[in-house]
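Sequential numbering of the sequence shown, starting at -2, is according to our numbering.
Glycine included, C-beta positions come from ideal geometry on N, C-alpha and C.
So the structure is just underneath, and the comments pick up after that.
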Amino acid sequence: MASLPIEQAFSSSALFLISLASFVFLILLFTRPKPSKNLPNPPPSPPKLPILGTHDAVFASRPLLKAATILAYNHHDLAFAPYGDQWRSLRKITNMHVLSSKRVVHTFRHFREEEVAFMVDKIHKDATTSPDGILNMRNTFYKFTNDIICHMMTGNSFRKDGREEKLMNIVVDSIPLLGKFNPEDFFPSLKWVGRLLGPKVRAEAWKTFKVGDAMMTEVLKDRVEGRTEGNEDFLDILLKLQKDENQKKEFEIKDEHVKALCYQSLAAGSEPLALSLGWTMIELLRHPRVLKKLQEEALSEILSSVTVNKRA
């Protein structure tokens, strides 16, 4: 079949442009100045990035995914907030007042010890009552990490008031939404395509958000109305900073920031820690020598702790 005139013109133009580009490239390649041998050898330097240059801040933000926008209270959190003053302020507050070594190691210590003791007791009871001695450690670890983060965040374990299963379902439902394909994320004008053909990410995100926001609002209301004296938790720190006048001058913390940071801590901390614990148990079972050594060290530490407590 003979080619159409438009195709012939396109082929001729493409061939001409390719030939011209090759010719210019060869000229530049053979005519570039060679470095002088008399110059001293300069120290090595990192390769240049002329594409980025001084515009690295443009690429510092995460993509504005619709599901993340909904679940993160319109980017009032730390993970999905665009790079700028709000992100820097939230990062500073989190690092200095919440995730400092003093807070994590000392202030939140009794929360961790209480949850670890509860998990060990539960494993012992389940192993005793199990007919074949097989336990589902994945579910146990997930509940443990969920409880310990809730305890550090609110000062109470959600299993005591029946919120544990509900919260776990919210986290499990929200994480996959962040990875689902949504045409609206790439072409905002084609959001109707996602409603017709693709998964209804927007509707699922709003459904999950409403359930999670209702729980976060209830937790926040209970804390504001019925706070008792004791060790400060994550929520206490954020509420105290919210009322601090000096903090208001620098960056005003809204209720959306408090709820978004708490929700983000639950979603980001529960699953990765549970998976890490499960992977550690599998590796220990694969290496009996390491498992035996760990058991001996743990037993020695427990006996030492019991002796210290008795003397005290």
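query: Limits of the alpha helix (DSSP H) - the one that residue 117 falls within; result: 106 to 126
query: Residue 108 and residue 165 closer than 7 Å at C-beta; result: no
query: Inter-residue spacing [alpha-carbon to alpha-carbon] between residue 77 and residue 188; result: 21 Å
query: Beta carbon of residue 113 nearer than 7 Å to that of residue 267; result: no
query: Straight-line gap, residue 304 to residue 276 (C-alpha atoms, nearest Å); result: For residue 304, the pLDDT reaches just 48, beneath the cut-off of 50, and the residue's location in the model is therefore unreliable, although a value from the coordinates is still provided. Roughly 32 Å between the two C-alpha positions.
query: 8 Å contact criterion, which residue 87 and residue 254 should meet: CB distance rounded; result: 7 Å
query: Check whether residue 130 and residue 230 have beta carbons under 7 Å apart; result: no
query: Closest by C-alpha distance to residue 82, when choosing among 58, 261 and 104; result: 58
query: Given 8 Å, three or more beta-carbon pairs between the segment 235 to 246 and the segment 274 to 293; result: no
query: Nearest to residue 251 (by Cα), restricted to the options 301, 183 and 73; result: 73
query: When 122, 79, 134 and 147 are compared against residue 111, the one with the closest alpha-carbon; result: 147
query: As assigned by DSSP and simplified to three states, the class of residue 177; result: coil
query: Boundaries (first-last residue) of the alpha helix (DSSP H) holding residue 148; result: 134 to 151
query: Own chain residues within Cβ distance below 6 Å of residue 206, not counting five before or after; result: 67 and 68
query: Range covered by the alpha helix (DSSP H) that runs through residue 205; result: 198 to 222
query: Assigned exposure category for residue 117 - 16 Cβ within 10 Å defines buried; result: exposed
query: Spatial neighbours of residue 2 in its chain, beta-carbon cut-off 8 Å, leaving aside the 5 residues before and after; result: At residue 2, the pLDDT of 41 sits below 50, so the modelled position is not reliable; the number obtained from the coordinates is stated separately. So no residue of the chain qualifies.
query: Minimum Cβ-Cβ distance from residue 245 to chain C less than 7 Å; result: The structure shown contains no chain C; it holds only a single protein chain.
query: Residue 154 to residue 51 span [Cα, whole Å]; result: 47 Å
query: Closer than 6 Å: residue 197 CB and nearest the ligand FMN heavy atom; result: Annotation note on the ligand FMN: not contained in the displayed structure, which lists no ligands.
query: Cβ-based burial, residue 291 [other Cβ within 10 Å; buried from 16]; result: exposed
query: Own chain partners of residue 4 with C-beta closer than 7 Å, once the 5 adjacent residues on each side are dropped; result: Note that residue 4 scores 42 on pLDDT, short of 50, meaning its location in the model is unreliable; the coordinates nonetheless yield the value given after this. Cβ within range, chain order: n/a, list empty.
query: Cα-Cα separation, residue 60 to residue 75; result: 14 Å
query: Chain-order list of residues whose beta-carbon lies under 6 Å from that of residue 15 (same chain, five-residue window excluded); result: none
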